[in-house]
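**Q**
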Amino acid sequence: MKLMSAKAAAEKLGVSDRRIRAMIKEGKIKAVNVGGGYVIEESELENVKTYGKAGRPIKKNSSS
198 MKLMSAKAAA
208 EKLGVSDRRI
218 RAMIKEGKIK
228 AVNVGGGYVI
238 EESELENVKT
248 YGKAGRPIKK
258 NSSS
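If you count the sequence shown from 1, you need to add 197 to reach this note's numbering.
1) For the candidate residues Asn258, Lys257 and Lys246, whose alpha-carbon lies nearest to that of methionine 220?
2) Inspect the beta-carbon positions of leucine 242 and alanine 206 and report whether they are closer than 8 Å.
3) Which residues in the same chain have their Cβ closer than 6 Å to the Cβ of asparagine 228, if we skip the five residues on either side of it in sequence?
4) Distance check for serine 240 and leucine 200, CA to CA, integer angstroms please.
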């Protein structure tokens with residue numbers, strides 16, 4: 198069992214640490230609050246690896 202901070206989890210998923218904290222509050226990632234910061238089990242990230250990137254989807258060019 199490998200533990201990591203919210204910041205390390207954010208880097209691993211390619212999102213901001215603010216987004217990780219939001220996902221924790223939404224219940225998408227289980228974490229423990231230790232000393233004012235979150236500790237996340239690495240296996241928890243497997244549940245959200247397919248989570249989409251922020252922002253609008255890319256428009257497909259419809260020029261035919």
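The beta-carbon is built from N, C-alpha and C at its ideal position, and this holds for glycine as well.
Small disclaimer: the values here were computed from a predicted structure and weren't measured.
**A** Checking against the coordinates, here is how it stands:
1) Shortest Cα-Cα distance from methionine 220 to any of Asn258, Lys257 and Lys246 involves Lys246.
2) The answer is yes: Cβ separation under 8 Å.
3) Note that residue 228 corresponds to alanine in the displayed sequence, not to asparagine. In its chain, beyond the 5 residues on either side, Ile221, Tyr235 and Ile237 have a beta carbon closer than 6 Å to the beta carbon of alanine 228.
4) One C-alpha to the other measures close to 9 Å.
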